[in-house]
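To start, the structure itself, in structure tokens.
In the numbering used here, the protein residues as written are 7 to 175.
Shown next, in the form of structure tokens:
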């Protein structure tokens, strides 16, 4: 029987700070109406940054929103060395990925999508009449989006159903 317990050292060194320092450098709440649309864009989607280095000093992550209009799709792209996580709030996402976007899977509200580094992919709004609304997180504060205009997608992609390797049944 495998031991799945985890040991964590909870005695992390904390910087000493005065209450006034924590006031200006502690928790930040970014109101929905103040997201920054001046970030890397891909045709077919609207990205807006909430958390990054420039806005809050984030060193290791980027977070924001992505909206894809009804019946729309992005161009093929990848995000360099970054890992990405997409959380679906509203609508139905169809993802295509691979050198020729030859694989596909769908996700709906409450689902998470993981995109590894350098994987060519395309987000598609699978709904003809509802906007796709998502939260996007990346593993660095950089906003990398490498558009791939020369990718010619295959006509019939292969549907891939994810199987959790830690719980295969």
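From the three backbone atoms N, C-alpha and C, an ideal C-beta is built for every residue, glycine too.
Nearest-angstrom Cα separation, counted from residue j out to residue i
i           : j           : result
residue 48  : residue 72  : 10 Å
residue 119 : residue 109 : 14 Å
residue 91  : residue 131 : 17 Å
residue 96  : residue 114 : 7 Å
residue 51  : residue 69  : 15 Å
residue 6   : residue 56  : With the chain represented from 7 up to 175, any question about residue 6 goes unanswered, as that position is not in the structure.
residue 147 : residue 63  : 9 Å
residue 133 : residue 139 : 12 Å
residue 159 : residue 102 : 9 Å
residue 3   : residue 54  : A query on residue 3 cannot be resolved here, the shown segment of the chain reaching from 7 to 175 and no further.
residue 60  : residue 44  : 11 Å
residue 112 : residue 150 : 24 Å
residue 58  : residue 136 : 29 Å
residue 28  : residue 144 : 25 Å
Beta carbon of residue i nearer than 9 Å to that of residue j
i           : j           : result
residue 78  : residue 153 : no
residue 123 : residue 88  : yes
residue 74  : residue 129 : yes
residue 126 : residue 84  : yes
Span of the alpha helix (DSSP H) around residue i
i          : result
residue 62 : 59-62
residue 30 : 25-31
Residue i, enclosing beta strand (DSSP E) - first and last residue
i          : result
residue 45 : Unbroken run through residue 45: none, as it is neither H nor E.
residue 73 : 68-74
residue 34 : No beta strand (DSSP E) contains residue 34, which DSSP labels as neither H nor E.
residue 98 : Residue 98 -> no beta strand (DSSP E), and no H or E assigned at all.
Coil, strand or helix - residue i by DSSP
i           : result
residue 156 : coil
residue 90  : strand
residue 54  : strand
Min CB distance residue i to chain D below 9 Å
i           : result
residue 144 : This model lacks chain D altogether; it includes just one protein chain.
Practice item. Please go through the region 106-142 and give each complete beta strand (DSSP E) segment of 3 or more residues, from N-terminal end onward. Key: 109-113, 118-121 and 127-131
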